[in-house]
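Chemist:
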Amino acid sequence: MKKVTPTPVLLILVLTSISVAAAQIANSSQGPRAVSNSASKASTARGKTASINAISEKLTSASSQAAQKHYAAGTALYGSGKLVQAIEAFKQAAKLQPDDPQTHYMLGMAYSKSKAYKESFGSFKRAIQAWPDWPQAHFRLGVISYVLGSRSESLKAHNNLLRLKSPLANSLDRIIKEENQATPAEGITASEWSLTETELVRAAGPGKEAISAPTGNVNQVPTTNVESRSVSAGLVSSMKDAAPVASEQPAATEEPAALTGIYRVGVGDVLDIRVLNSSTTRSTLYSVIDGGLIDIAIAGGPITVAGLTTDLIQARITAELQRRAIEEDARVSVGVRQYGSHSVIITGLVTNPGTKFLRREAVPLYVIMAEAQARLDAGRVVIMRPGSPGMTVDLADPDALNFLIRPGDMISITARPQEFYYIAGRITYPGQKVFHPGVTLLQGILAAGGVTREGDKIELSREGQDRRLATTTFSMKEIKAGKIQDPRLQPGDRIEVVR
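Under my numbering, the first residue of the sequence shown is numbered 37, with each subsequent residue one higher.
Have a look at this one:
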């Protein structure tokens with residue numbers, strides 16, 4: 037029996053076939069344009085995604101540059117002692133780059149110098165959270181915890197330094213063990229307490245955001261990928277001491293004579309500080325550690341004393357005690373018990389060579405020579421001063437012994453080489469004569485036996501810096517009569533008695 041399809045079903049099949057055919061005709065009539073439009077839509081979608089990514093990168097770069105500017109400004113302000121402004125600049129940088137350990141680290145340093153120890157503690161904590169294996173951040177956190185009286189946090193920082201195998205663990209351990217004394221342990225190096233020059237150069241230049249991951253020696257500060265940096269010498273100098281010295285510090289261009297009457301405290305000195313109207317039995321000796329600080333608990337913690345005289349330190353401590361309402365009528369006495377910051381080194385022909393410590397900003401050379409005891413064969417002193425050419429003085433010259441010696445000078449005592457002067461003309465024993473410092477023209481003539489005949493005119497020829505001779509004529513009668521000075525001879529002088 038033949039199967040018959042119902043009419044409605046046939047109608048639906050016919051209409052469907054017509055629709056498919058119409059669609060194929062429409063597509064074929066449009067040709068490649070339809071394919072192109074489809075591809076164009078896909079390309080547009082991809083372009084929008086790339087544009088969004090580019091905008092995101094630009095925003096990130098702009099944020100990084102803004103953070104960098106705030107950070108650089110904060111570093112400069114820190115170096116000039118403007119701590120309040122420095123803190124604000126570092127805070128702005130931290131907002132823009134909250135995961136940058138170096139920004140939090142510098143913020144902690146600024147808080148510490150302004151004696152905001154709790155805020156400093158928090159900043160060092162955040163620096164460690166951003167980089168858990170940074171030894172210097174752990175060390176400073178331990179020191180700040182010690183100042184705040186939190187022994188547990190100090191011990192935790194010490195344990196972290198031990199875990200990192202950092203030599204800073206020993207320094208922090210000494211500080212913790214001396215918590216019952218008034219001063220932290222001696223011997224802490226500049227890299228341990230103060231902001232080092234290496235840290236400063238890395239902190240002050242651009243490109244700070246490119247902090248590399250800690251690899252290799254974890255006892256180093258973070259390194260940065262910087263093509264070029266420019267840090268002013270003044271900024272390096274001021275921040276190397278970790279704390280700007282107060283404005284009371286005298287200028288470096290002080291008169292040399294005034295330097296022999298003052299002494300500015302420095303790192304390595306031991307101060308004897310007493311509150312005269314106090315009944316405390318606490319130790320009165322305080323060592324000035326690197327960074328120019330003493331940790332005097334009764335005054336609230338570390339105080340910057342480097343570059344100050346004992347009178348200025350006394351006034352600063354007195355003002356701090358009064359501000360804290362600890363001793364309203366405080367009478368403070370400050371003296372230097374042990375001098376250890378102003379040193380010079382003397383070598384050569386002396387009985388007692390080695391390092392000598394000055395008790396003034398400058399002392400005459402004869403003071404050093406009296407302590408070192410020159411040997412009999414010593415004749416000359418060569419003085420080397422950083423940033424200056426070497427200077428040679430003669431031990432036989434009384435005026436030369438008044439030359440002022442400054443901290444950092446290198447003094448070498450040598451034998452005097454044999455030198456001569458030359459005499460000719462109407463003279464008893466002409467020729468080459470041994471020169472002795474201080475000998476005068478008339479003495480030189482007498483040492484040669486004097487004149488043979490009546491002679492008064494003396495020509496003295498001396499070699500100048502251009503190696504040309506300059507001749508001066510003297511009258512022996514005028515010299516003997518005291519009308520003119522008897523000139524001193526110099527090595528290599530030529531003397532001729534002409535008539």
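C-beta: ideal position from N, C-alpha, C; glycine also. Since this is a predicted model, take the numbers as computed values, not measurements.
Are the beta-carbon atoms of Lys469 and Val534 separated by less than 8 Å?
Modeler: Cβ distance not < 8 Å, so Lys469 and Val534 don't count as in contact.
Chemist: Using DSSP with H/G/I as helix, E/B as strand and the rest coil, what is Leu312?
Modeler: Coil at Leu312, not helix or strand.
Chemist: Between Gly485 and the rest of its own chain, which residues show a CB-CB distance below 8 Å, the 5 nearest in sequence each way excluded?
Modeler: Answer for Gly485: Ile463, Thr464 and Tyr465, listed in chain order.
Chemist: Look at Ile449 and Leu401 and say whether their C-beta atoms are less than 8 Å apart.
Modeler: It is not a contact, given that the beta carbons lie outside the stated cut-off.
Chemist: Taking C-alpha atoms, which residue in Gln138, Val311, Ile332 and Gln374 lies nearest to Leu184?
Modeler: Closest by alpha carbon: Ile332.
Chemist: Does Glu499 come out as helix, strand or coil in the three-state DSSP assignment?
Modeler: The answer is strand: DSSP assigns Glu499 an E or B state.
Chemist: Between the alpha carbons of Ile392 and Met446, how many angstroms are there, rounded?
Modeler: It should be noted that the sequence gives Lys, not Ile, for residue 392. Looking at the two C-alpha atoms, the distance is approximately 10 Å.
Chemist: Going along the chain, which residues of its own chain have a beta-carbon closer than 7 Å to the beta-carbon of Tyr147, five neighbours each way excluded?
Modeler: Within the same chain, Tyr147 has close Cβ partners Ile123, Glu155, Ser156 and Ser159.
Chemist: Quick one, which of Leu437, Leu329, Gly461 and Val370 has its alpha-carbon nearest Leu9's?
Modeler: The structure shown does not extend to residue 9, since the chain spans only 37 to 535, so no value can be given for it.
Chemist: Using 8 Å as the threshold, is the C-beta distance between Lys161 and Leu119 below it?
Modeler: No, these two residues do not count as a Cβ contact at 8 Å.
Chemist: Could you tell me which residues DSSP puts in a beta bridge with Glu532?
Modeler: Glu532 pairs with Ala460 and Glu495.
Chemist: Give me, in chain order, the residues of the same chain whose beta-carbon lies closer than 8 Å to that of Val428; leave out the 5 immediate sequence neighbours on both sides.
Modeler: The question names Val, yet the displayed sequence has Thr at residue 428. Closer than 8 Å at the Cβ level, and outside the excluded window around Thr428, lie Arg416, Val417, Val418 and Ile419.
Chemist: Just the Cα atoms here: how many angstroms apart are Ile298 and Asp433?
Modeler: If you take the alpha carbons of Ile298 and Asp433, they lie about 27 Å apart.
Chemist: Quick one: using the 10 Å Cβ neighbour count with 16 as the cut-off for buried, is Glu490 buried or exposed?
Modeler: Glu490 comes out exposed.
Chemist: Tell me whether Phe126 is buried or exposed, calling it buried when 16 or more other Cβ atoms sit within 10 Å of its Cβ.
Modeler: By the neighbour-count rule (16 or more Cβ atoms within 10 Å), Phe126 is buried.
Chemist: Do Thr340 and Val301 count as a contact pair if the criterion is CB distance below 8 Å?
Modeler: Result no, Cβ atoms of Val301 and Thr340 do not sit closer than 8 Å.
Chemist: When the Cα of Gly528 is compared with those of Met512, Leu477 and Glu514, which residue comes out closest?
Modeler: It is Leu477 whose Cα lies nearest to the Cα of Gly528.
Chemist: Relative to the C-alpha of Gly390, which candidate in Val403, Glu407, Gln374 and Ala398 has its C-alpha closest?
Modeler: Closest by alpha carbon: Glu407.
Chemist: Bridge partners for Ala506 per DSSP, in chain order?
Modeler: Beta-bridge pairing links Ala506 to Arg498.
Chemist: Do you know whose CA, among Trp167, Tyr153 and Ala109, lies nearest Pro137's CA?
Modeler: The candidate whose alpha carbon is nearest that of Pro137 is Trp167.
Chemist: Rank Tyr153, Tyr182 and His194 by C-alpha distance to the C-alpha of Asp169 and give the top, closest one.
Modeler: Nearest of Tyr153, Tyr182 and His194 to Asp169, Cα basis: His194.
Chemist: Given a cut-off of 8 Å on the beta-carbon distance, is the pair Ala366 and Gln358 in contact?
Modeler: Contact: yes.
Chemist: Per DSSP, what kind of secondary structure is Ile349 in: helix, strand or coil?
Modeler: It is helical.
Chemist: Starting from the Cα of Phe175, find the closest Cα among Gln101, Ser207, Ile531 and Ala152 and give me that residue.
Modeler: Nearest option by C-alpha distance: Ser207.
Chemist: In the DSSP assignment, what residue or residues form a beta bridge with Phe393?
Modeler: Answer is Ser379.
Chemist: So, for Val324: in the same chain, excluding its five sequence neighbours on each side, which residues have a beta-carbon less than 8 Å away from its beta-carbon?
Modeler: Once the five neighbours on either side are set aside, the close Cβ partners of Val324 are Val301, Gly302, Val303, Gly304, Asp305, Val306, Leu307, Ile330, Val341, Ala342 and Ser377.
Chemist: What are the residues that DSSP puts in a beta bridge with Thr428?
Modeler: Paired residues: Val418.
Chemist: Could you tell me the alpha carbon to alpha carbon distance between Pro338 and Leu197, rounded to whole angstroms?
Modeler: If I take the Cα positions, the gap works out to 23 Å.
Chemist: For Leu200, which of helix, strand or coil comes out of DSSP?
Modeler: The answer is coil: DSSP assigns Leu200 none of H, G, I, E or B.
Chemist: If you reduce the DSSP assignment to three classes, tell me which class Tyr182 lands in.
Modeler: The answer is helix: DSSP assigns Tyr182 an H, G or I state.
Chemist: Rounded to the nearest angstrom, what separates Ala451 and Thr488 at their Cα positions?
Modeler: Approximately 36 Å between the Cα atoms of the pair.
Chemist: So, Gly480 versus Ile531, is the Cβ gap smaller than 8 Å?
Modeler: In this structure, Ile531 lies closer than 8 Å to Gly480 by Cβ.
Chemist: Suppose the cutoff is 6 Å on Cβ atoms and the five residues either side in sequence are ignored; what does the same chain contact list for Tyr153 look like?
Modeler: Closer than 6 Å at Cβ, skipping near neighbours: Ile180, Val183 and Leu184.
Chemist: Relative to the C-alpha of Ser100, which residue among Asp135, Gln350, Asp430 and Ala517 is closest?
Modeler: Taking only the C-alpha atoms, the option nearest Ser100 is Asp135.
Chemist: When DSSP labels each residue in this structure, what does Ser150 get in the three-state scheme?
Modeler: Coil at Ser150, not helix or strand.
Chemist: Between the C-alpha atoms of Met142 and Gly327, what's the straight-line distance to the nearest angstrom?
Modeler: Whole-angstrom Cα-Cα distance: 15 Å.
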